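Taking UniProt numbering, the leading residue of the sequence shown gets 1, the next gets one more, and so forth.
Every residue gets a Cβ at the ideal spot worked out from N, C-alpha and C, and that includes glycine.
These figures come from a predicted structure and were not determined experimentally.
Worksheet: one structure, shown below.
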Amino acid sequence: MNELGKSRRELATSAPAPQVRLVEVDEGSAGQRIDNFLLRECKGVPKSHVYRILRSGEVRVNKGRIDATYRLVLGDIVRIPPVRMAAPNAPAPVPAATFPVLFEDDYLLAIDKPAGVAVHGGSGVSFGVIEQLRQALPHLKFLELVHRLDRETSGILLLAKKRAALVGMHEQIRQNRMDKRYLVCVKGEWTDRQRAVKVPLYKYVTAEGERRVRVQDDGQASHTVFRRMESLAPYTLLEAELKTGRTHQIRVHLAHLGTPIVGDDKYGDFTLNKALAKPGVKPGIKRMFLHAWRLRLTHPVLDTPIALEAPLPPECEKFLKQLRGTVPDAKP
1 MNELGKSRRE
11 LATSAPAPQV
21 RLVEVDEGSA
31 GQRIDNFLLR
41 ECKGVPKSHV
51 YRILRSGEVR
61 VNKGRIDATY
71 RLVLGDIVRI
81 PPVRMAAPNA
91 PAPVPAATFP
101 VLFEDDYLLA
111 IDKPAGVAVH
121 GGSGVSFGVI
131 EQLRQALPHL
141 KFLELVHRLD
151 RETSGILLLA
161 KKRAALVGMH
171 EQIRQNRMDK
181 RYLVCVKGEW
191 TDRQRAVKVP
201 LYKYVTAEGE
211 RRVRVQDDGQ
221 ASHTVFRRME
231 SLAPYTLLEA
241 ELKTGRTHQI
251 RVHLAHLGTP
261 IVGDDKYGDF
271 TLNKALAKPG
281 VKPGIKRMFL
291 HAWRLRLTHP
301 VLDTPIALEA
311 PLPPECEKFL
321 KQLRGTVPDA
331 KP
C-alpha cells in the first residue's frame with residue numbers, strides 16, 4: 001500500500017488478484033481532482049488506463065458516475081475497479097529520516113535540506129526527502145512538497161501538512177508573492193552591484209535521457225535578479241532572487257552569462273570543478289555552491305508574515321574563508 005493509502009480507511013481490502021476497492025476520502029485528499037487521486041492510488045498503472053476507466057464509468061463516487069474534473073469531498077466513497085498494479089517485487093523500504101526544522105505549525109513544515117539529497121523519488125532515485133519524512137512522521141495524514149530544490153542545492157524546503165496550506169502556497173507562487181533568495185558562488189568577477197536577467201529557457205532531454213535546460217527563443221520566460229554580495233577574485237558571491245521558478249533557472253542564467261556556479265556538474269566549468277574537488281587543494285569544495293538561504297511568505301491559513309533563514313552549510317563557509325585567506329593551507 002502506498003503512503004497515501006496508509007493515511008485513509010479502506011472499506012474493502014485487496015487480495016493478491018485485482019479486486020474492487022472502496023476508499024473513503026479523508027482530509028488529506030479532500031479537494032483533489034479524481035484523476036490525480038487515482039494516479040496516486042494506482043501506482044504503476046499507465047495513465048492512459050486510469051483515464052480509460054474514468055471515461056468508461058468504472059470509477060464511481062458515492063455510487064455515481066463522475067468525470068475527470070470532479071473534486072473529492074471529505075467522506076466521499078470512491079469505487080476503484082480491479083486494476084493490476086505494476087511492481088511484482090516489493091520495493092526497497094524507504095528509510096525514515098529527519099532534517100533540521102526551521103519552522104513548523106499545524107499547516108506548514110520548513111526544513112534545511114542538505115546538498116546531495118533529492119526532494120522526491122524518480123529519475124534513478126528510489127526515494128527522497130518527502131518519502132523519508134512520511135516514514136518518519138506517520139501520524140501526518142497529509143504531507144506534500146510546496147516547491148522543489150535541485151538535488152545538489154541545499155537550504156530551505158517548504159512542505160504543506162494540510163491541503164488548504166498547499167493550495168494557498170501554490171497561489172502565492174503563481175502570483176509571485178513568495179520571496180525566494182539563494183546564495184551562490186560563481187567563477188568570474190561581477191562589476192554590477194545588481195543585475196536583472198530575463199531570457200527564455202527551453203527544457204529538453206539529452207541522448208542519455210538526462211533533463212537539461214538551455215536559453216532558446218521559444219522557451220519559457222524567466223527572470224532572476226542577482227546582487228553582488230562579495231568580490232573574491234576570481235570568484236564572486238551573489239544573492240539570487242527568483243522572480244520566476246523555471247527548472248535549473250539560476251544555474252542556466254549564470255552559465256549563460258559566462259559565470260558558472262562553482263561545482264555545478266551540469267552547466268559548470270568541469271575542469272575547475274574537478275580541480276576544486278581534489279583532496280587537500282585550497283580553495284576546495286566538493287559540491288555545487290547554491291544554497292536557498294532566505295524565504296519570505298504569508299501564512300496561507302493564518303495570513304501572518306513568515307521569514308525563514310538557513311545559514312550557509314559548513315563546506316560553503318569553509319570555501320569562502322579559504323578565498324578570504326583565513327584558513328591555513330590544507331595538508332596533502
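Ordered along the chain, which non-local residues of its own chain (more than five positions away) have a Cβ less than 7 Å from that of residue 149?
113, 119, 155, 157 and 292
What three-state label does DSSP hand residue 288 in the structure shown?
coil
Three CB pairs or more closer than 8 Å across the stretch 293-303 and the stretch 245-259:
no
Please state whether DSSP places residue 90 in a helix, a strand or coil.
Note on residue 90: pLDDT 49, under 50, position unreliable in the model; the coordinate value appears next. Note: residue 90 maps to coil in three-state DSSP.
Note down, one range per segment and in chain order, each alpha helix (DSSP H) of at least 4 residues found wholly within the stretch 129-172.
129-136
Starting from residue 185, trace the beta strand (DSSP E) in both directions and tell me its first and last residue.
179-187
Under 8 Å by Cβ, that's how I've got residue 237 and residue 324 pegged, so tell me the actual separation to the nearest angstrom.
Their Cβ separation, rounded to whole angstroms, is 10 Å, which puts residue 237 and residue 324 out of contact at 8 Å.
Going by beta carbon distance, what residues of the same chain come within less than 7 Å of residue 145, once the five residues before and after it are set aside?
119, 120, 130 and 159
Start and end residues, alpha helix (DSSP H) containing residue 314
314-324
Local conformation of residue 223 per DSSP, three classes
strand
Identified DSSP bridge partners for residue 305
298
Tell whether a beta-carbon distance below 8 Å holds between residue 243 and residue 224.
yes
Closest by C-alpha distance to residue 303, when choosing among 151, 177, 125 and 222
177
Buried or exposed: which applies to residue 95, given that a residue is buried once 16 or more other Cβ atoms fall within 10 Å of its Cβ?
exposed
CA-CA distance, residue 173 and residue 180?
10 Å
May I ask which residues mark the beginning and end of the alpha helix (DSSP H) holding residue 249?
249-256
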